[in-house]
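Notes follow once the structure below has been shown.
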Amino acid sequence: MKKKLGIILGIILFVSLLMGGKKYMDKKAVEKSYQDGMELVQNYVTDYLVKNYEGIEKIEWQGVGVEWRSSPVFGGSILGNYVVSDVKVFVSADKFFTIDFTLTDETEYKDDLKKYVLADSLNPIHIDSTIKIGVKNAVGKFKIGDKLDKPDSEKIKKSSKGSSNAQVIYNLDIHELTY
Numbered sequence: 204m205k206k207k208l209g210i211i212l213g214i215i216l217f218v219s220l221l222m223g224g225k226k227y228m229d230k231k232a233v234e235k236s237y238q239d240g241m242e243l244v245q246n247y248v249t250d251y252l253v254k255n256y257e258g259i260e261k262i263e264w265q266g267v268g269v270e271w272r273s274s275p276v277f278g279g280s281i282l283g284n285y286v287v288s289d290v291k292v293f294v295s296a297d298k299f300f301t302i303d304f305t306l307t308d309e310t311e312y313k314d315d316l317k318k319y320v321l322a323d324s325l326n327p328i329h330i331d332s333t334i335k336i337g338v339k340n341a342v343g344k345f346k347i348g349d350k351l352d353k354p355d356s357e358k359i360k361k362s363s364k365g366s367s368n369a370q371v372i373y374n375l376d377i378h379e380l381t382y
């Protein structure tokens with residue numbers, strides 16, 4: 204009797220480990236997919252900023268934030284997981300503004316390729332307007348973590364000279380978003 208109970212418990216433990224391992228591997232595959240998609244965005248945006256804006260001293264990506272909306276009880280959300288990467292654009296050592304780029308707005312998942320590709324919406328016009336809004340919000344009366352004043356905001360301007368000496372820090376580390 205004890206032998207049968209031991210075998211049954213062993214089988215249950217083994218199956219539980221297999222299921223847990225499968226869930227873990229699936230989550231890691233999804234995270235890798237998110238990182239690949241955000242890497243496309245980070246490279247495109249950084250390249251555009253460095254080539255088309257002067258006055259940038261540093262571009263610092265803040266990783267890949269994920270809000271896991273899938274519920275173990277109710278199943279996956281129809282909205283999917285929220286994936287975002289924030290970037291701090293510095294105009295001096297301590298003066299910066301922050302903008303964010305979301306995976307669903309800037310990329311599209313192509314089933315046939317099994318990967319994310321840049322969406323048509325991520326283009327120079329989109330980035331230019333995002334920069335203007337980011338600077339305006341950082342200089343405005345609603346400063347939420349950003350540090351930029353009016354004279355600093357005038358340092359960054361669209362120019363063919365670009366900011367070829369800008370330091371760039373990429374970050375694709377996954378972190379869970381908390382509010």
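Here the working numbering = 1-based position in the sequence shown + 203.
Using N, Cα and C, we set each Cβ at its ideal position, and we do this for glycine too.
None of the values given here were measured: they were computed from a predicted structure.
- Three-state secondary structure (DSSP) of D364: Note that residue 364 is Lys in the sequence shown, not Asp. Reduced to three states, the DSSP call for K364 is coil.
- Query: In or out: Q370 buried (at least 16 other Cβ within 10 Å) or exposed?
  - Reply: exposed
- Item | Per DSSP, the bridge partner or partners of D331 | In DSSP, D331 forms no bridge with anything.
- Can you list, in chain order, the residues of its chain whose CB lies under 6 Å from that of E270, leaving out five sequence neighbours each side? Y285 and L380
- What residue range is occupied by the uninterrupted beta strand (DSSP E) comprising Y251? That residue, Y251, is in no beta strand (DSSP E); its alpha helix (DSSP H) goes K205 to N255.
- Query: If you draw a straight line from the alpha carbon of T333 to that of Y382, how long is it in whole angstroms?
  - Reply: 23 Å
- The alpha helix (DSSP H) enclosing L306, as first and last residue numbers: Judged by DSSP secondary structure, L306 falls within the alpha helix (DSSP H) whose first and last residues are L306 to E309.
- Please classify Y227: is it buried, with 16 or more other beta-carbons within 10 angstroms of its beta-carbon, or exposed? Classification for Y227: exposed.
- Message: Can you tell me whether D355 is helix, strand or coil according to DSSP?
- Response: helix
- Message: Assuming K317 is part of the beta strand (DSSP E), what are its boundary residues?
- Response: Taken as a continuous stretch (DSSP letters only), K317 belongs to no beta strand (DSSP E), as it is neither H nor E.
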